[in-house]
Amino acid sequence: MHRYDIERYLNVRNAGGADLGPNGRLSFLLNTTGTGQVWSVDEPLGWPEQHTFFEESVSFVDSSPQRAEAVFGMDEGGNERAQLYLLNYESGDIVDLTERPEAKHRWGGWDSEGDRFAFASNRRDESVFDVYVQDRDATGDEADLAYEGDGWLSVAGWSPSDDRLIVHEAHSSFDHDVYTLDVASGDLTHHTPHEGDVRYGSPEWGPDGRSLYLVTDRDSDTLRLERLDLAAGEFSVVASGEGSGPRSDAGDGGDGADGDGTPAKPGGDDGWNVDGVAVHEESRRVVYSRNVDGYTELAVGELVEPDRIDPFPAPDLPEGVAGGVSFGPDGDRFAITATGSTHNANAYVVDAATGETERWTAASTAGIPPDTFVEPELVHYPTFDGREIPAFFSVPETEPPEGGYPVVVDIHGGPESQRRPSFASVKQYLLNNGYAVFEPNVRGSSGYGKAYSALDDVEKRMDSVADIEAGVEWLHDHPEVDPDRVVAMGGSYGGFMVLAALTEYPELWAAGVDVVGIANFVTFLENTGDWRRSLREAEYGSLDEDREFLESISPINNIENIASPLFVLHGANDPRVPVGEAEQIVERAREQGVPVRKLIFDDEGHGFAKLENRIEAYREVVDFLAEHV
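In our numbering, the protein residues as written are -6 to 622.
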């Protein structure tokens, strides 16, 4: 098998964020220049035109419904304080619409005429978000404050009559509320009063403007597509995730339930999440997706009654993950981004009624034959309390060495996130160069219902680390694995999991790679962005009430246990996990005599967006693994 170096893999391109404009133009983000920029194309696989030329990554693009223009977002150096810009496709002119670089701006969409747009911003108070409405030809302070908020607000779209906005509030990752805001009066109406934690996500206006369609777990463990009658305040179920079985049962079997009757394997007979919905108001076309053990199952149809969707044929997309639906003006077709383990991300356009699907972008694989990319096996392994943990396990397509493959245990962040079968350049490099890759979705991961996601909350935090230990024990029993060459790698919360695994179970690891990880929960919560603290405390525990516990589980306070070489990478501008987390763990590990590498990028935030930085970072990771594994 031909071996390619890490730079080649990092040059595999991805096209996403697809958006269908009024004249048939498909706008999208493509990272050909090293960071995601706005490009467009007028026909399937046509020659694309580049419209933005920045060193920083563009985060989204949304075309005007009436004019040859679009709004896009961009921050500086990964600081996540995104500004909004207006791009004129014909002249190429770009105008800074917000002019407040110290504040975050969260896009809320165009009105139907493209004369106004809405957004949420913390420009008044860094810790909370307000709702603003702005004319398309206004800038900066000319935005109108439509509602003064006191929490984590975002805007989810204009009503069909352009007089109201959907406002979404997140109290935590698993506790939300939905409101409608009368733009003229500023009156905010609360539609989702509830007790306990309930998610209300992906809200969309119904065609009549008298209802909302959204996904919620208000009366179930998993998310269902429901309709909310705004006047009556009544919900009705439109579609659920029930009936879709698990994708695979390749792991060691169990008896199917814990002693208390709790299903051992998440998902399955209990159904799966409906994780998003898009509604085209005029045509009544609907697209929604189920997350089935990480894989997207897309459903398309038409609302023939408020609570009933007549199905259309499903589109033919690569097996993996798809999302970001953007309907064309007439609702006859929609754009979507799709990726799979062996397919880099590209934009597709689907005929809504027939399911006929065309790929519109041709993101390069950097000369690497796609048939060399490796598909994972979905497995389930037993853990300490009888549950079975889902994981993706990939092995190189070569004969294993005599002692077995070295394995990288790649742990996702979040923690309310999920490792799904999308394309990952670094993973494919590792596989091409003789490493197996194991990607567990330990308790606390999303995608398997709210009960599973809550299994690591606060005092149960270390149970998720025990799931990592169980995964390594499962690997030890695998005949193709070298048990002496197992590496822990992860980013953000996954970086905490790496450090916790190295300090809690030091005998298991040959090395660890911590990317923008949490070393000390107390200093992390004290120094994270003001707008994030309350959400993070809802997950991890509060500084006022849980400080002693947070200190006890922080890897920095258990550093004397670490026995493996460690590589710590971070961005100096990280507003989520401040760079001080990296500095302190490196200093303390070195005091213990642990071999430690440190790499800090001055122009990056929570991760590495710039290609040259990614190349430098992962070249060093590759060298580190070669040295210690």
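Here a beta-carbon is modelled for each residue, glycine too, at the ideal position from N, C-alpha and C.
- Only exposed fits Val230, as fewer than 16 other CB atoms lie within 10 angstroms of its CB.
- Following the DSSP letters along the chain, one finds Met67 inside the beta strand (DSSP E) bounded by residues Glu62 to Met67.
- Put simply, of Asn115, Glu473, Pro153 and Val34 the residue whose alpha carbon is nearest the alpha carbon of Leu138 is Asn115.
- In the three-state scheme derived from DSSP, where H, G and I count as helix and E and B as strand, Ala610 is classed as helix.
- As a beta-bridge residue in DSSP terms, Phe122 pairs with Gly144.
- Between the C-alpha atoms of Arg117 and Asp123 there is a straight-line separation of about 8 Å.
- If only complete runs of 4 or more residues are kept, the stretch 446 to 476 shows the alpha helix (DSSP H) at 454 to 469, in order along the chain.
- In the displayed model, Ile159 falls within a strand according to three-state DSSP.
- Judged by beta-carbon spacing, Thr173 lies within the 8 Å limit of Arg157, meaning their Cβ atoms are closer than that value.
- For Ile361, the secondary structure class from DSSP, reduced to helix, strand or coil, is coil.
- Listed as beta-bridge partners of Val402 by DSSP are Phe431 and Ala481.
- Ser535 carries a coil assignment under DSSP once its states are collapsed to helix, strand and coil.
- If you ignore the 5 residues before and after Phe617, its C-beta comes within less than 8 Å of the C-beta of Ala504, Val506, Pro558, Phe560 and Arg590, all in its own chain and listed in chain order.
- If you draw a straight line from the Cα of Pro306 to the Cα of Tyr281, it is about 13 Å long.
- Gln30: member of the beta strand (DSSP E) spanning Gln30 to Val34, first to last residue.
- Three or more Cβ pairs closer than 8 Å define a contact, and the stretch 49 to 60 meets that threshold against the stretch 7 to 14.
- Contact annotation: Gly406 and Asn284 have beta-carbon atoms that are not nearer than 8 Å.
- Selection Arg93, Ser84 and Asn81 evaluated against Ala75 yields Arg93 as nearest (Cα-Cα).
- Runs of the alpha helix (DSSP H) spanning 4 or more residues and lying entirely within the stretch 572 to 602 occur at 573 to 584, in chain order.
- With fewer than 16 neighbouring CB atoms inside 10 Å of its own CB, Trp40 falls in the exposed class.
- Per the coordinates, the alpha-carbon of Gly294 lies some 5 Å from the alpha-carbon of Asp303.
- For Val515, there is no enclosing beta strand (DSSP E); the residue is part of the alpha helix (DSSP H) that begins and ends at Phe514 to Asn520.
- Look at Pro375 here: in three-state DSSP terms it is strand.
- The Cβ atoms of Val208 and Arg220 do not sit closer than 8 Å to each other.
- For Leu218, no alpha helix (DSSP H) segment is defined; the enclosing uninterrupted segment is the beta strand (DSSP E) at Arg217 to Asp222.
- Every unbroken stretch of the beta strand (DSSP E) spanning 3 or more residues and falling wholly within the stretch 166 to 234 is given here in chain order: 168 to 175, 181 to 183, 193 to 198, 204 to 209, 217 to 222 and 227 to 232.
- Ranking Asp456, Ala63 and Tyr498 by CA distance to the CA of Asp108 puts Ala63 first.
- Taking the CA atoms as reference points, Thr376 sits about 10 Å from Arg436.
- Nearest in C-alpha terms to Asp268, of all of Gly287, Gln577, Gln421 and Arg277, is Gly287.
- For Leu23, same chain residues with a beta-carbon under 6 Å away, outside a window of 5 residues either side, are Ala8 and Trp32 in chain order.
- Two segments are said to touch when three or more pairs of C-beta atoms, one from each, lie closer than 8 Å; by this definition the stretch 577 to 593 does not touch the stretch 518 to 537.
- Looking at the DSSP output, Asp134 bridges to nothing.
- Of the candidates Gly442, Glu605 and Val509, Gly442 places its Cα closest to the Cα of Ser233.
- A check of alpha carbon separations from Ser357 across His(-5), Asn4, Ile(-1) and Tyr(-3) identifies Asn4 as the nearest.
- Residue range Tyr486 to Glu497 is occupied by the alpha helix (DSSP H) that includes Gly488.
- In this structure Ala512 touches Ser547 by the C-beta definition: roughly 7 Å separates them, less than 8 Å.
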